[in-house]
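Okay, so here's the structure we're looking at.
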Amino acid sequence: MVKGLGKGVGALFKNMSSVEDEQVQQLLLKDIRPNPYQPRKVFKQEALEELTNSIREHGVLQPIIVRKSIKGFEIVVGERRFRASMGAGLDHIPAVVRELSDKEMMELAVLENLQREDLTPMEEARSYEVMMVKLNMTQDQLAKTLGKSRPHIANHIRLLGLPEEIQDKIAAGELSMGHGRALLGLKKKASLQEMADRVIKEKLNVRQLEKLVQEANNVSRETKKASKPNPFYREHEGVLRERFGTGVAIKKGKTKGKIEIEFMSDDDLDRILSLINVNQHD
Numbered sequence: 001m002v003k004g005l006g007k008g009v010g011a012l013f014k015n016m017s018s019v020e021d022e023q024v025q026q027l028l029l030k031d032i033r034p035n036p037y038q039p040r041k042v043f044k045q046e047a048l049e050e051l052t053n054s055i056r057e058h059g060v061l062q063p064i065i066v067r068k069s070i071k072g073f074e075i076v077v078g079e080r081r082f083r084a085s086m087g088a089g090l091d092h093i094p095a096v097v098r099e100l101s102d103k104e105m106m107e108l109a110v111l112e113n114l115q116r117e118d119l120t121p122m123e124e125a126r127s128y129e130v131m132m133v134k135l136n137m138t139q140d141q142l143a144k145t146l147g148k149s150r151p152h153i154a155n156h157i158r159l160l161g162l163p164e165e166i167q168d169k170i171a172a173g174e175l176s177m178g179h180g181r182a183l184l185g186l187k188k189k190a191s192l193q194e195m196a197d198r199v200i201k202e203k204l205n206v207r208q209l210e211k212l213v214q215e216a217n218n219v220s221r222e223t224k225k226a227s228k229p230n231p232f233y234r235e236h237e238g239v240l241r242e243r244f245g246t247g248v249a250i251k252k253g254k255t256k257g258k259i260e261i262e263f264m265s266d267d268d269l270d271r272i273l274s275l276i277n278v279n280q281h282d
């Protein structure tokens with residue numbers, strides 16, 4: 001079981017692995033659809049083919065877990081077995097039917113993949129974002145629910161502030177999460193894609209990239225000597241950065257001030273606006 005889970009979801013997840021005392025049904029594959037909250041978008045083809053061959057030879061050894069839906073059933077745990085069974089040409093699959101809420105479905109979909117370490121950094125980031133928006137959770141609440149540290153959640157959410165093309169490169173494994181975090185520090189956002197392409201072409205590690213970003217930002221002695229920002233504003237900037245997963249600046253003029261929130265794309269803007277709307281309904 002995932003270490004450090006909250007008692008409620010932890011017990012729920014633990015129970016998902018035990019189906020010995022429950023009635024196993026043979027369900028038609030055509031009546032089953034994937035978990036709508038499944039965060040994993042890419043299934044490793046080689047591993048899926050191995051499972052498919054195993055099922056052809058031995059059948060499905062462990063039932064999947066589903067819940068009833070309007071048009072049949074939705075998978076709770078076991079989408080790889082479901083996909084492999086379809087690939088093996090089966091008509092039915094052994095399954096146990098459970099009663100679960102949307103909230104529990106969402107939590108279990110994330111937890112199953114986190115336990116298997118199957119999610120890419122971007123899939124993990126998007127799953128955290130979905131849970132925060134749909135379940136009206138803060139990063140602290142999400143961290144406690146999933147047994148993760150708040151910085152772990154925050155660092156993943158921040159990746160969603162990168163342009164879509166760079167997110168795709170992280171998802172594909174061309175760039176690491178460390179590369180993504182380093183790129184977020186680049187002040188000239190128009191140079192992000194160029195910098196990312198250079199990392200891939202020259203096979204730069206994270207430290208080399210961090211050095212390039214620092215040079216590009218041209219941190220001068222004058223900047224270091226500049227007056228320190230108001231600690232009150234700095235504290236609240238930190239709170240807002242964690243909430244929105246992007247750069248936030250609070251600036252005060254002589255008679256009025258403003259809050260600047262960075263976004264990288266239309267999708268990123270929609271993400272931030274969703275979080276603001278959540279706050280409005282708290």
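Sequential numbering from 1 applies to the sequence shown in full-length UniProt numbering.
All C-beta atoms, glycine included, are put in the ideal place defined by N, C-alpha and C.
Pairwise C-alpha distance: residue j and residue i
{"i": "residue 74", "j": "residue 92", "result": "15 angstroms"}
{"i": "residue 159", "j": "residue 107", "result": "21 angstroms"}
{"i": "residue 257", "j": "residue 249", "result": "11 angstroms"}
{"i": "residue 157", "j": "residue 44", "result": "24 angstroms"}
{"i": "residue 236", "j": "residue 230", "result": "10 angstroms"}
{"i": "residue 69", "j": "residue 213", "result": "50 angstroms"}
{"i": "residue 80", "j": "residue 62", "result": "12 angstroms"}
{"i": "residue 251", "j": "residue 240", "result": "14 angstroms"}
{"i": "residue 179", "j": "residue 145", "result": "28 angstroms"}
{"i": "residue 245", "j": "residue 218", "result": "24 angstroms"}
{"i": "residue 215", "j": "residue 195", "result": "12 angstroms"}
{"i": "residue 260", "j": "residue 167", "result": "23 angstroms"}
{"i": "residue 78", "j": "residue 184", "result": "36 angstroms"}
{"i": "residue 119", "j": "residue 23", "result": "31 angstroms"}
{"i": "residue 113", "j": "residue 55", "result": "21 angstroms"}
{"i": "residue 181", "j": "residue 90", "result": "44 angstroms"}
{"i": "residue 191", "j": "residue 162", "result": "12 angstroms"}
DSSP state of residue i mapped onto helix, strand, coil
{"i": "residue 153", "result": "helix"}
{"i": "residue 67", "result": "strand"}
{"i": "residue 249", "result": "strand"}
{"i": "residue 163", "result": "coil"}
{"i": "residue 215", "result": "helix"}
{"i": "residue 186", "result": "coil"}
{"i": "residue 192", "result": "helix"}
{"i": "residue 238", "result": "helix"}
{"i": "residue 220", "result": "Confidence in residue 220 is poor, its pLDDT being 39 and thus under 50, which makes the residue's placement too unreliable to answer from."}
{"i": "residue 209", "result": "helix"}
{"i": "residue 203", "result": "coil"}
Element boundaries [alpha helix (DSSP H), containing residue i]
{"i": "residue 181", "result": "177-183"}
{"i": "residue 145", "result": "139-146"}
{"i": "residue 129", "result": "121-134"}
Where the beta strand (DSSP E) through residue i begins and ends
{"i": "residue 257", "result": "257-261"}
Test item: CB-CB of residue i and residue j under 8 angstroms
{"i": "residue 39", "j": "residue 176", "result": "no"}
{"i": "residue 242", "j": "residue 154", "result": "yes"}
{"i": "residue 200", "j": "residue 165", "result": "no"}
{"i": "residue 264", "j": "residue 189", "result": "yes"}
{"i": "residue 131", "j": "residue 110", "result": "yes"}
{"i": "residue 76", "j": "residue 83", "result": "no"}
{"i": "residue 95", "j": "residue 27", "result": "yes"}
{"i": "residue 171", "j": "residue 123", "result": "yes"}
Residue-chain proximity (residue i, chain C), Cβ-Cβ < 8 angstroms
{"i": "residue 185", "result": "Going by chain labels, chain C is absent from the structure shown, which holds only one protein chain."}
My parser needs the beta strand (DSSP E) runs of 3 or more residues fully inside the UniProt domain "ParB-like N-terminal" (25-114); what are they?
25-28, 64-69, 72-77 and 92-97
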